[in-house]
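Accompanying notes for the structure given below.
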Amino acid sequence: MSKAPIDAVSLGIMWDRLIAITDEILTAIVRTAFSVGVREAWDLACVMFDAKGRSIAQASLSMPAFIGTAPLTMRHMLARYPVESLKPGDVLVTNDPWLGTGHTPDICVARPVFRGDRVVGFVMTITHLPDIGGAGLAIGNPDLYHEGLILPVCKLVEAGTFNPLLRDILANNVRVVDEVFGDIDANVAGTEVGARLVGEFMDEYGIDDLQPLADAIIAQSEGAMRRELAAIPDGTYRREMAIETVTEALDLACAVTVEGDRIALDFAGTGPAAPVAINVPFCYTRSFASYAVKCLTTPSIPNNDGTLLPISISAPEGCILAATKPSPTGGRHTVGWFIVPLVMSCLADVLPGRVQADSGMATLMLVTARRSDGREMATQYFLAGGLGAMDGHDGRAAVPFPTNNAVVPSEVWERETGMRVLYRRMLPDTGGPGRFRGGTGQEAALVNTSGMPVDVSIFGLRTKFPARGFLGGAPGAAREFAINGSAIPPKGRHALAPGDTLTIREAGGGGYGDPKLRAVEAVAADVAAGAVSVAGALSDYDVTVDPATGLGTRA
Amino acid sequence: MDWRVGIDIGGTFTDFAALDPRSGRLVVHKQLTTPHDPSAAVIAGLPVLMQKAGAEISDVGTIVHGTTLVTNALIERRGAKTAMICTEGFADVLDIAKERRYDMYDLRISYPEPLIERPMRIEVSERIGPSGEVVETLDHDQVRDRLQRLAQAREIEAIAVCLLNAYVDDTHERDVAAIVAEVLPDVSISRSADIFPFMREYERWTTTTMNAFTQPMLSRYLDRLETGLGELGFAGGLFIMTSSGGTVTVETARRYPVRLLESGPAAGVHFAARLGETSGIADLLAYDMGGTTAKGALVRDMTPLHRYEMEVARVHEFKLGSGLPAKIPVIDLIEIGAGGGSLAEIDARGVVKVGPRSAGADPGPACYGLGGSAPTLTDANLSLGYLSADFFLGGEMALDGGAATEAIGREIAAPLDVDALRAAWGIHETINEDVARAFRNHASERGFDYRRSTMVAFGGSGPIHALRVAHKLLVPRVVFPAGAGVASAIGMLISPLSFEVLRSDLVELEGLQPAAIDQGFANLVDEAADAFSGTDVRRTDLTVVRALDMRYRGQGYDIEVTMPANLAGAALIEALPRLFADAYEGVFSKSFPDRPIDIIAWKATVSGPRPTDSTDFAFDRGAADQARKGVRAAYFPDAGGFVETPVYDRLALKPGDSFAGPALVEERESTCVIGVGDRVEIDSHGNLIASIAAAEGTLAA
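Dropping the structure here:
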């Protein structure tokens, strides 16, 4: 066993190795999972913990939301099963929204890593299951009990044997049993791979204990975070932001207090939980709040408990960002995503070079139908708005934020659903004008040519409150949904009869800085690229663009 | 007239290898690359090569050529003035791209610009449905009219024709292409269904734009090359290396330039795989590390793993998702931002980071003395004694050890408060970890158990790091092949003619008729065989490998299933469920016997005869007969630090020679670093085979 203190050379090499192990686990799960969300959109995470349950490494492509919730989940698991009570081959599980990730489909699976008879750490993986029973993810679910089976923290596998009772309960409560077990097995196998790789790593470097390494990783990360926080001027920075629930407006409020090398985010003043499935358990709030701080301060440093130590987060119980049981939480992201721009706006005046104006975010739509042969069709459609602009950086068109999903190709969509995509176009003048322009939104029109009635369940947002511009930048355009040209409520379930056309106009990102300061050539290039119209160039930027020459002049 | 020559143009050197298949004699040559006109180095180097071989250029029957021209044109955006014609409503597909962010924390994320600017894209009214039905007929007059108007406003040299669902039925694409040919007869045309007819419009169309963008330039280059070779007296056949590890005719290369991406590394992997075959090694890791990048690949059952997507012109060179996707058949390469020139720095965490930024060849590592002052991997390897200051590139370039140590001390050791040697070791070992990590992840994604395989290491820097990387991967054996410095050129001259075609055609397995499956493959094979026209390969000499992409109905993940050569018709259909289940289990460790299965895509790879069955080449040896050149101090932490280490001359080692590490084996382009306790043996082919000291051993950190 090496007794020498860990120097910077060893620390870097061994730290990266732990991250590599979590990356390999994540890859193994993506390869073996069934859920489309896991395979196509990487809706999963892997986090490694030390024996005290402090996070020390995470897979690079983990979902940001899960990175923030996993350390809390680990704490809940250890409160229920203290480390002395764990045996080799045990695997813990939970999908309780308040202990896990904020909604029921995400399953958290953790395995203690043994060295001899001693626990040296834990490996946790989280994936979004194909189904967890109940009424599925629907905005109209009135309470948590509609949202499927909830597993408290329990031993999924005990000393290597899958708990038969749990297996039976799961099998009796979910729709697509094979896929669900396929994904659960993928998690269990992934943590097993992780435990093996940690063992190989310890063999290779001749170490019997991860603790000195874990301590060094956490100390180094904490130091880096504290240095960044200390550079922010002390003070309390407040902002409020209106968002839409279903039909009502609701205020989110945040006060960010920077004091020396610490930062505190408090969401007091935020409106109450709602009777629809958009409520946010506090674990999810905490996760996106720390994600925002991370993006602003130390984006290139791997996440772990060290980076979280100087951050404290609070929200009054019962507000929509700290909803209590049994509030329904299936669509918690449609509110939770706004935490990131809210925190950014609080710090816009003190970190003008780092904040990002509001983004248009994205639309997730669940699409179901029963085919003429009786087979069920269930799929997702996804469409992204424009990114918010930053100092020196225009927002990119059609990119999701803060979530991350991949495009649904029109050819894949047409083949799978029989519905035709009439067009997908960039929407000129939807990006918020600014010295740096917000990303443009896009428009898609889907015609129900499938010959059967199709149900679409939409979690739409930013239809009343568009993406805000920062530091003089203007807002982007709001999102719109219509069937056959008539506007429809953005959150809810709609029936598309054969021949109906659903139109989605995605929101643009907010601009940054005074649009009158945008370079004339940049405006002319926007016109050439179709991001800004000739009329928009004049009205938003005071720039006249000659369509023949493409050249612009400012009045 | 039977010498075969492989010519690989790299960033710094153009490598040549000539083989006399009768004697197995292999002659190599290196010539500085001529970036302004890469054919110049080819024309200048070929006579030198053949003079070394003692033969005439007219004795050369075949030249196989690999070029980075297409890749470079895409990276540097030096291509034709290219327009695009696409389905009404979809001109923005190139901008909408994949939507996804490839980095979760980088708010200033940037993406590559499409190759075709917005005003050069024309939309036309037409629509083919997902089953090939005509939803809206093509408006011919509108195509003609819009094309003429664009041509009046802007110069057009090439056109990409990209219609929705053309992968199912390309009638409209053919019609549009015919109109283009009539309106603009001098413009080169690329059609999406012809380039590679995969479903997914963004990727297929982007691939088509790459083909169109590079086609005129590649065509001019091949003209110059053919003329120049002809003037030298070359009267044999010229073939071009592709990214899938096979070669094509010049005509096929002109039609599909996008298939030439990354052909050099593909040839290197092909060489490693064939070497494995000769030596009876079925599964191996090919590890090639040079000045700026490392490439890896996995070989399973003597066949390199392949895939159908690669990325070009990345905004962040080694970040997956930051480039333009090319959907073509490629050898499944791992790319790592690690090479001799990789810059070492201290990252935001306060630990050592090496690469992906590189000092390149100019100013190069600090020890080159060409003005570079930042420490690189090569500086670390020199400080650790792995490289010799006096025998770099065979002694042609003296290295400055003092400058290397000074740079490492200043930039790494002092800020981290460690000594310079420790910092140098950190730089070296960081790269070992990076390479091992890349292999692990790649293998894990593909369900490849590397722990029982063999590594084949080549390139200028690969042999320095190979054994330490292998140790981390629990890979028990490393082969350092003879000819490692020109592996890609050798890979080229032993590559057969080969062409792969694909057709996306969704078929439910339970309704598939014997005649339909046979006809489906026969059509593909006919199409692929067209690529052999003008060669002397007879139809009866062609080898066909058929494959189907299949999935369980409702799943989004296809599995490629290779058809047994001896099965057809009803027997093949009967075998398909079992074949699919086996392949599925290979990936997912389970299968679902009762689920319905869909066929998604049909593939055929048609290959000509292998030019040679052996990789047992006779290299021209150096004059030295004394294998042991001397000793020098090199750093081996497992031995406690610097130890006097024997240095061997690779060219003077003979089959049967063996010794134990620590040792250094030098050749002109590289040095094999043999660790403490590792054993080395020269096999009967001249390859250096190293066995790891103990597969479960402990390495000092």
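So the protein sequences, as listed, match chains X and P.
If you read the first sequence in the numbering used here, its first letter stands for residue 1, the second for the next number, and so on.
If you read the second sequence in the numbering used here, its first letter stands for residue 556, the second for the next number, and so on.
Beta carbons are placed, not taken as given, at the ideal position from N, Cα and C, and that holds for glycine.
All figures in this text were calculated on a predicted structure; none of them were measured in a lab.
Does the beta-carbon of residue i have 16 or more other beta-carbons within 10 angstroms, so that it is buried, or is it exposed?
i, result
"Lys3 (chain X)", "Since pLDDT at Lys3 (chain X) reaches only 45, below the 50 mark, its modelled position is unreliable, and no value is offered."
"Ala356 (chain X)", "A quick correction: the sequence has Gln, not Ala, at residue 356 (chain X). Under this definition Gln356 (chain X) is a buried residue."
"Tyr541 (chain X)", "buried"
"Asp546 (chain X)", "exposed"
"Met1 (chain X)", "Legend: pLDDT at Met1 (chain X) = 38, less than 50; position of this residue unreliable, value from coordinates given subsequently. When all chains shown are included, Met1 (chain X) counts as exposed."
"Tyr757 (chain P)", "buried"
"Lys1209 (chain P)", "exposed"
"Glu1222 (chain P)", "buried"
"Ile169 (chain X)", "exposed"
"Ser62 (chain X)", "buried"
"Gln58 (chain X)", "buried"
"Leu1052 (chain P)", "buried"
"Asp575 (chain X)", "With chain X represented from 1 up to 555, any question about residue 575 (chain X) goes unanswered, as that position is not in the structure."
"Leu165 (chain X)", "exposed"
"Arg17 (chain X)", "buried"
"Glu480 (chain X)", "buried"
"Asp592 (chain P)", "exposed"
"Glu179 (chain X)", "buried"
For the alpha helix (DSSP H) containing residue i, name the first residue and the last one.
i, result
"Pro164 (chain X)", "164 to 171"
"Cys346 (chain X)", "339 to 346"
"Ala596 (chain P)", "593 to 608"
"His333 (chain X)", "333 to 336"
May I ask which residues mark the beginning and end of the beta strand (DSSP E) holding residue i?
i, result
"Met452 (chain X)", "Taken as a continuous stretch (DSSP letters only), Met452 (chain X) belongs to no beta strand (DSSP E), as it is neither H nor E."
"Gln58 (chain X)", "55 to 58"
"Ala253 (chain X)", "249 to 259"
"Pro880 (chain P)", "879 to 881"
"Val1100 (chain P)", "1098 to 1107"
"Asp563 (chain P)", "558 to 564"
"Pro302 (chain X)", "That residue, Pro302 (chain X), is in no beta strand (DSSP E); it is neither H nor E in DSSP."
"Gln586 (chain P)", "580 to 587"
Pull the bridge partners of residue i from the DSSP assignment, please.
i, result
"Arg1150 (chain P)", "Paired residues: none, contrary to the question."
"Ser1213 (chain P)", "P:Glu1236"
"Gly846 (chain P)", "For Gly846 (chain P), which the question treats as bridged, DSSP gives no partner whatsoever."
"Pro112 (chain X)", "X:Phe122"
"Ala381 (chain X)", "Reading off the sequence shown, one finds Tyr at residue 381 (chain X), where the question assumed Ala. For Tyr381 (chain X), which the question treats as bridged, DSSP gives the partners X:Met365."
"Lys491 (chain X)", "X:Phe459"
"Asp1204 (chain P)", "P:Glu1221"
"Arg746 (chain P)", "P:Val716"
Against chain A, does residue i count as a neighbour if the rule is that its beta carbon must be under 9 Å from one of theirs?
i, result
"Phe288 (chain X)", "The chain inventory of the structure shown lacks chain A, comprising the protein chains X and P."
Problem set entry | 3-residue-minimum beta strand (DSSP E) runs that sit fully inside the stretch 975 to 1063 of chain P, ordered along the chain | 1009 to 1013, 1032 to 1035, 1053 to 1063
For this session: Taking only beta carbons into account, state which residues of the stretch 1137 to 1157 of chain P come closer than 8 Å to chain X, listed in chain order.
Result: Look at the stretch 1137 to 1157 of chain P: the residues with a C-beta under 8 Å from a C-beta of chain X are Val1142, Phe1143, Ser1144, Lys1145, Phe1147.
Exercise. Whole beta strand (DSSP E) runs in the stretch 391 to 466 of chain X with 3 or more residues, listed along the chain?
Worked result: 420 to 426, 442 to 447, 454 to 459
Problem set entry | Selection of the stretch 933 to 954 of chain P by Cβ proximity to chain X, strictly under 9 Å | Here the close residues number zero.
Exercise. Which residues, in chain order, does the stretch 747 to 774 of chain P contribute to contact with chain X at a C-beta distance below 7 Å?
Worked result: Met754, Arg755, Glu756, Tyr757
For this session: Would you list, in chain order, the members of the stretch 73 to 102 of chain X that have their beta-carbon closer than 7 Å to a beta-carbon of chain P?
Result: Against chain P - using a Cβ distance shorter than 7 Å - the stretch 73 to 102 of chain X contributes no residues.
For this session: Write down every uninterrupted run of the alpha helix (DSSP H) in the stretch 41 to 107 of chain X whose length is 4 residues or greater and which is fully enclosed by it, in chain order.
Result: 64 to 80
For this session: Note down, one range per segment and in chain order, each alpha helix (DSSP H) of at least 4 residues found wholly within the stretch 496 to 550 of chain X.
Result: Complete alpha helix (DSSP H) runs here, min 4: 520 to 529, 534 to 541.
Exercise. For the stretch 211 to 223 of chain X, which residues have a beta carbon sitting closer than 8 Å to at least one beta carbon of chain P?
Worked result: So the close ones are Gln220, Ser221, Gly223.
Exercise. Can you list, in chain order, the stretches of the beta strand (DSSP E) that have 3 or more residues and sit fully within the stretch 760 to 819 of chain P?
Worked result: 792 to 796, 802 to 804
For this session: Scan the stretch 41 to 71 of chain X for residues whose Cβ lies nearer than 7 Å to a Cβ of chain P and list them as they occur along the chain.
Result: Pro64
For this session: Pull out every residue of the stretch 283 to 308 of chain X whose Cβ sits closer than 7 Å to any Cβ of chain P, in chain order.
Result: Lys294, Cys295, Thr298, Pro299, Ser300, Ile301
Problem set entry | Near-chain X residues of the stretch 972 to 983 of chain P (beta-carbon distance less than 8 Å), N- to C-terminal order | Asp972, Val973, Arg977, Ala978, Trp980, Gly981
Problem set entry | Near-chain X residues of the stretch 598 to 620 of chain P - C-beta to any C-beta below 7 Å | Answer set for the stretch 598 to 620 of chain P: empty.
Exercise. Listed from N- to C-terminal order along the chain, which residues in the stretch 518 to 533 of chain X have their beta-carbon within a distance smaller than 7 Å of any beta-carbon of chain P?
Worked result: Ala528, Ala529, Gly530
For this session: Mind checking the stretch 999 to 1014 of chain P against chain X and listing, in chain order, the residues whose C-beta falls within less than 9 Å of any C-beta there?
Result: Taking 9 Å as the Cβ-Cβ cut-off against chain X, the residues of the stretch 999 to 1014 of chain P that qualify are Ser999, Glu1000, Arg1001, Gly1002.
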